[in-house]
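These notes are about the structure you will find just below.
Protein chains: 2
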Amino acid sequence: MADLVLAVDIGGTKFAAGLVGPDGALISSERVATPPGGDAEALWETLVGLVDGIGSPEDVAGVGIGSGGPMAWPSGEVSPLNMPGWRGFPLRERLAGRFPGVPVRIHNDAVCVAIAEHWQGAGQGSDNMLGMVVSTGVGGGLILGGRLIDGGTGNAGHIGHVVVDPEGPPCRCGGRGCLEAVARGPGLVEWALFRGWTPGSSPQGEGLYREEAAANGRRLALDAAAGDPVASAAMVRAGRAVGVAIASATHLCDLDVVTIGGGLAQAGPLLFDPLEQALREHVRLEFSSRVRVVPAMLGQDAGLIGAAGLILAADRYWAPR
Amino acid sequence: MADLVLAVDIGGTKFAAGLVGPDGALISSERVATPPGGDAEALWETLVGLVDGIGSPEDVAGVGIGSGGPMAWPSGEVSPLNMPGWRGFPLRERLAGRFPGVPVRIHNDAVCVAIAEHWQGAGQGSDNMLGMVVSTGVGGGLILGGRLIDGGTGNAGHIGHVVVDPEGPPCRCGGRGCLEAVARGPGLVEWALFRGWTPGSSPQGEGLYREEAAANGRRLALDAAAGDPVASAAMVRAGRAVGVAIASATHLCDLDVVTIGGGLAQAGPLLFDPLEQALREHVRLEFSSRVRVVPAMLGQDAGLIGAAGLILAADRYWAPR
Numbered sequence: 001m002a003d004l005v006l007a008v009d010i011g012g013t014k015f016a017a018g019l020v021g022p023d024g025a026l027i028s029s030e031r032v033a034t035p036p037g038g039d040a041e042a043l044w045e046t047l048v049g050l051v052d053g054i055g056s057p058e059d060v061a062g063v064g065i066g067s068g069g070p071m072a073w074p075s076g077e078v079s080p081l082n083m084p085g086w087r088g089f090p091l092r093e094r095l096a097g098r099f100p101g102v103p104v105r106i107h108n109d110a111v112c113v114a115i116a117e118h119w120q121g122a123g124q125g126s127d128n129m130l131g132m133v134v135s136t137g138v139g140g141g142l143i144l145g146g147r148l149i150d151g152g153t154g155n156a157g158h159i160g161h162v163v164v165d166p167e168g169p170p171c172r173c174g175g176r177g178c179l180e181a182v183a184r185g186p187g188l189v190e191w192a193l194f195r196g197w198t199p200g201s202s203p204q205g206e207g208l209y210r211e212e213a214a215a216n217g218r219r220l221a222l223d224a225a226a227g228d229p230v231a232s233a234a235m236v237r238a239g240r241a242v243g244v245a246i247a248s249a250t251h252l253c254d255l256d257v258v259t260i261g262g263g264l265a266q267a268g269p270l271l272f273d274p275l276e277q278a279l280r281e282h283v284r285l286e287f288s289s290r291v292r293v294v295p296a297m298l299g300q301d302a303g304l305i306g307a308a309g310l311i312l313a314a315d316r317y318w319a320p321r
Numbered sequence: 001m002a003d004l005v006l007a008v009d010i011g012g013t014k015f016a017a018g019l020v021g022p023d024g025a026l027i028s029s030e031r032v033a034t035p036p037g038g039d040a041e042a043l044w045e046t047l048v049g050l051v052d053g054i055g056s057p058e059d060v061a062g063v064g065i066g067s068g069g070p071m072a073w074p075s076g077e078v079s080p081l082n083m084p085g086w087r088g089f090p091l092r093e094r095l096a097g098r099f100p101g102v103p104v105r106i107h108n109d110a111v112c113v114a115i116a117e118h119w120q121g122a123g124q125g126s127d128n129m130l131g132m133v134v135s136t137g138v139g140g141g142l143i144l145g146g147r148l149i150d151g152g153t154g155n156a157g158h159i160g161h162v163v164v165d166p167e168g169p170p171c172r173c174g175g176r177g178c179l180e181a182v183a184r185g186p187g188l189v190e191w192a193l194f195r196g197w198t199p200g201s202s203p204q205g206e207g208l209y210r211e212e213a214a215a216n217g218r219r220l221a222l223d224a225a226a227g228d229p230v231a232s233a234a235m236v237r238a239g240r241a242v243g244v245a246i247a248s249a250t251h252l253c254d255l256d257v258v259t260i261g262g263g264l265a266q267a268g269p270l271l272f273d274p275l276e277q278a279l280r281e282h283v284r285l286e287f288s289s290r291v292r293v294v295p296a297m298l299g300q301d302a303g304l305i306g307a308a309g310l311i312l313a314a315d316r317y318w319a320p321r
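Chains Z and D supply the protein sequences, listed in that same order. First residue of the first sequence: 1, per the working numbering; consecutive thereafter. First residue of the second sequence: 1, per the working numbering; consecutive thereafter.
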């Protein structure tokens, strides 16, 4: 079994761990809810319990970790935005202590999703790809020349803070008009509520999805699908902003393909149609007009598969300098 | 002498050629005006005359070419925007025919400038750099992980078509609100003239720079320096747009440093002060706030030095796939 890799995915709502084979297939996995309000050691104990159920140290050839950022990279002290219990927590080092003698590597969770889509998913065969996650945040990872781009501090791929409207809404980063400020689920929900959207109010939506009346991005997409005009306008707003950001990224990086995953991508044409329209208005040069935007393929397993790629396809995805 | 490289820089206003030593020093160079309206062979003969005066085939270890785009890359059929006489002209192949047995390589002229600034100029020591040229157009080249990024078709680095205002002015690329549409010299001149700028009209400007009353970017910068309010506003407009585009590029690529050359960069603080102000409003994350923007160092020799880098520092700057 020593050609298997333990993959770990650390998020604000769940921890996941799994075993990944050398071909990138996820063989087994488990997930648990992130303990809300947990302190550093409570979070760690939860993770240990999860990991111990997956594999023993002698069984794995390495450990790959994807975690919400920010983090010190590649050393792996993490301070995930939605997990106040971990601030500068030495996650990589702690796991390395439990798995002696094998490589233990970490990267941003959105970067791991991009790795997965490039290695095993919708970006296979492209050497120049942006992998995006559009959800409660907007993140990404960048593959250029067939290799993961880390940037100076491991933070390359932050498409969520590409500026799509310099006079746009304030962003939680402290800036203004970032893609994330416009297109993140909670931002869209706020925008729609302010304009009179009542979650679950559209006739079809009410009948079909009664169970979900919460004001969240998924409800917004469902109401848009059911014809609610404000919810639909919110999805157009998100899609156009994503399209503009992709146009900028394509011109800067000469991309072949962009994959889009995350909750909001589930909205399908409600997001992708306005996205394509805005994108095509802005990519008019021969080289940029060839960019393709495709839905991500790997769903919620992407984070684990990509984390394993840090070990199993290190020639392409692991090159800290 | 066979460790010298012949460098060639093809632009709409001038052709330049020179010999570059293995350490990147420009040893000799010549330039001639681009024949206006020249057909394909007239342009070629002008180039041959220039190159023959610089070096013989037996004297050089290779030929590096920077040329205005677009071009097919790496094969090197060029169609420079401002040289209608060359459309799909096999520039690389033609020069290879005159220099048999040595490598003959080509890249976009703004990419060569970025290579030069990274190799020998203001970007030395950084592994993650954007080299920009802000002039009658806005171009650039991207170095990430210490290596030139080509992108899928050799067009990475097109910072001029990063979108800074989705509702901004039409761009000659066919899009809208590109950095180049806002900040290129002729665009600024048009913007200022429309708002009542009279070139050379500011009191100090009239006295100091009487010789230059043409409505061009240089005149605009001079009048701004002399206190003309509309000219000053145009420089603020340009600087802010460049700052926003750099913020986007920094978030996407986790840059250490951005170098800025080209005619408009000569305006100094008139451009760099509003640039810095807009940039700092938008780079608020720890990793992005560390980006530095510096003037390019190599001036008009940069294109030749960078072209030579395609041969002399090929491990970093030449990797077509």
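No residue lacks a Cβ here, since even glycine has one placed at the ideal position from N, Cα and C.
Check whether Gly268 of chain Z and Leu220 of chain Z have beta carbons under 9 Å apart = Contact flag unset, no.
ask   = If you check the beta carbons only, do Ser126 of chain Z and Val236 of chain Z fall under 9 Å apart?
value = No. Outside cutoff.
key: For Arg219 of chain Z: DSSP bridge partner residues   = Looking at the DSSP assignment, Arg219 of chain Z forms no beta bridge with any residue, so it has no partner.
request  = Look at the alpha carbon of His118 of chain D and the alpha carbon of Ser232 of chain D, and state the distance between them as a whole number of angstroms.
outcome  = Spanning the alpha carbons of His118 of chain D and Ser232 of chain D requires a straight line of approximately 31 Å.
query = Under three-state DSSP, which class holds Leu47 of chain D?
reply = If DSSP states are grouped into helix, strand and coil, Leu47 of chain D belongs with the helices.
ask   = Beta carbon of Leu304 of chain D, beta carbon of Ala16 of chain D: below 9 Å?
value = In this structure, Leu304 of chain D sits near Ala16 of chain D, with a CB-CB distance shorter than 9 Å.
key: CB contact flag (Ala110 of chain D, Gly64 of chain D, <9 Å)   = Not a contact, by the Cβ cut-off of 9 Å.
inquiry  = Counting only beta-carbon separations shorter than 9 Å, does Asp150 of chain D have a partner in chain Z?
reply    = Asp150 of chain D counts as touching chain Z.
key: Cβ-Cβ separation, Ala122 of chain D to Ala296 of chain D (assumed contact under 8 Å), whole Å   = At roughly 6 Å, the Cβ-Cβ gap stays under 8 Å, so Ala296 of chain D and Ala122 of chain D are in contact.
request  = Please list, in chain order, all residues of the same chain as Ala241 of chain D whose beta carbon is under 6 Å from its beta carbon, the five residues on each side excluded.
outcome  = Excluding residues up to 5 positions away in sequence, Val164, Leu179, Val182 and Ala183 lie with their Cβ nearer than 6 Å to the Cβ of Ala241 of chain D in the same chain.
request  = Could you check how far apart the C-beta atoms of Ile115 of chain Z and Gly141 of chain Z are, in whole angstroms? I think they sit under 8 Å.
outcome  = Contact between Ile115 of chain Z and Gly141 of chain Z is confirmed by a C-beta separation of about 6 Å, below the 8 Å threshold.
task = Grab me the residues of Pro100 of chain Z's own chain with a C-beta within less than 8 Å of its C-beta, minus the 5 sequence neighbours each way, in chain order.
result = These residues qualify, in order along the chain: Pro57.
ask   = If you draw a straight line from the alpha carbon of Val102 of chain Z to that of Ser248 of chain Z, how long is it in whole angstroms?
value = Near 40 Å, if we compare the C-alpha coordinates of Ser248 of chain Z and Val102 of chain Z.
key: Below-9 Å beta-carbon distance, Leu6 of chain D vs any chain Z residue   = Residue-level contact check: Leu6 of chain D does not touch chain Z, since none of the beta carbons of chain Z fall below 9 Å from its beta carbon.
ask   = Out of curiosity, what's the CA-to-CA distance linking Pro169 of chain D and Asp315 of chain D?
value = Approximately 40 Å, taken between the alpha carbons.
query = How about Leu275 of chain D and Gly217 of chain D: do their beta carbons lie closer than 9 Å?
reply = No.
ask   = In chain order, what residues of the same chain have a beta carbon less than 7 Å from the beta carbon of Leu43 of chain Z, not counting five sequence neighbours either side?
value = If we look at Leu43 of chain Z and ignore the five residues flanking it on each side, its Cβ neighbours are Pro35, Met83, Gly85 and Trp86.
ask   = Would you say Val113 of chain Z faces chain A, with C-beta separation under 9 Å as the test?
value = Absent here is chain A; the protein component of the structure consists of chains Z and D.
query = Shorter than 9 Å from the beta carbon of Phe287 of chain Z to some beta carbon of chain D?
reply = Taking Cβ atoms only, chain D reaches closer than 9 Å to Phe287 of chain Z, which makes this a yes.
task = Please say whether Gly261 of chain Z and Gly160 of chain Z have beta carbons closer to each other than 9 Å?
result = Not in contact: Gly160 of chain Z and Gly261 of chain Z (Cβ atoms no closer than 9 Å).
request  = For Thr153 of chain Z, decide whether its Cβ has a neighbour in chain D, counting only Cβ atoms nearer than 9 Å.
outcome  = Yes, its Cβ sits closer than 9 Å to a Cβ of chain D.
request  = Measure from the C-beta of Val283 of chain Z to each C-beta in chain D and report whether the shortest distance is under 9 Å.
outcome  = The Cβ of Val283 of chain Z sits closer than 9 Å to at least one Cβ of chain D.
query = Is there a Cβ from chain Z that is less than 9 Å from the Cβ of Arg321 of chain D?
reply = It does: the Cβ of Arg321 of chain D has a partner Cβ on chain Z nearer than 9 Å.
ask   = Which residue spans inside the region 57-100 of chain Z form an unbroken alpha helix (DSSP H) run of at least 4?
value = The region 57-100 of chain Z contains these whole alpha helix (DSSP H) runs: 91-98.
ask   = Which residues, in order along the region 124-140 of chain D, keep a beta-carbon less than 7 Å from a beta-carbon of chain Z?
value = Residues are counted here when their Cβ sits less than 7 Å from a Cβ of chain Z; for the region 124-140 of chain D these are Asp127 and Asn128, given in chain order.
query = Would you report the Cα separation of Leu193 of chain Z and Gly200 of chain Z, rounded to the nearest angstrom?
reply = The alpha-carbon atoms of Leu193 of chain Z and Gly200 of chain Z are separated by roughly 12 Å.
task = Give the DSSP-derived three-state secondary structure of Glu211 of chain D in the structure shown.
result = Its pLDDT being 49, under 50, Glu211 of chain D is placed unreliably in this model, and the value from its coordinates should be taken loosely. Three-state DSSP puts Glu211 of chain D in coil, outside helix and strand.
task = Using the Cα positions of Ala319 of chain D and Gly227 of chain Z, report the straight-line distance between them to the nearest angstrom.
result = Between Ala319 of chain D and Gly227 of chain Z, the C-alpha separation is close to 50 Å.
key: Start-end ranges of the beta strand (DSSP E) lying completely within the region 99-167 of chain Z, minimum 3 residues   = Taking 3 residues as the minimum length, the beta strand (DSSP E) runs contained wholly in the region 99-167 of chain Z are 104-108, 129-134 and 138-144, in order along the chain.
query = Of the residues Z:Arg280, Z:Gly62 and Z:Val20, which one's Cα is nearest the Cα of Cys173 of chain D?
reply = Residue Z:Arg280 is the option with its Cα nearest to Cys173 of chain D.
ask   = Just curious, the alpha helix (DSSP H) that Gly239 of chain D is in, first and last residue?
value = Run containing Gly239 of chain D: Pro229 to Cys253, per the alpha helix (DSSP H) assignment.
inquiry  = Could you compute how far the alpha carbon of Arg290 of chain Z sits from the alpha carbon of Ile149 of chain Z?
reply    = About 21 Å.
message = Let's test the definition: count the other Cβ atoms within 10 Å of the Cβ of Ile54 of chain Z and tell me whether it reaches 16, buried, or not, exposed.
response = Per the 10 Å Cβ criterion, buried.
ask   = Residues of chain Z with CB under 9 Å from His161 of chain D, in chain order?
value = From the beta-carbon of His161 of chain D, the residues of chain Z found nearer than 9 Å are Ala247, Ser248, Thr250, His251, Leu252, His282, Val283, Arg284, Leu285 and Ser288.
message = Quick check: the Cα distance between His251 of chain Z and Leu252 of chain D, rounded to an integer number of angstroms?
response = Their Cα atoms are separated by approximately 12 Å.
key: Cα-Cα separation between Asn108 of chain Z and Thr153 of chain Z, rounded to whole angstroms   = Near 11 Å, if we compare the C-alpha coordinates of Thr153 of chain Z and Asn108 of chain Z.
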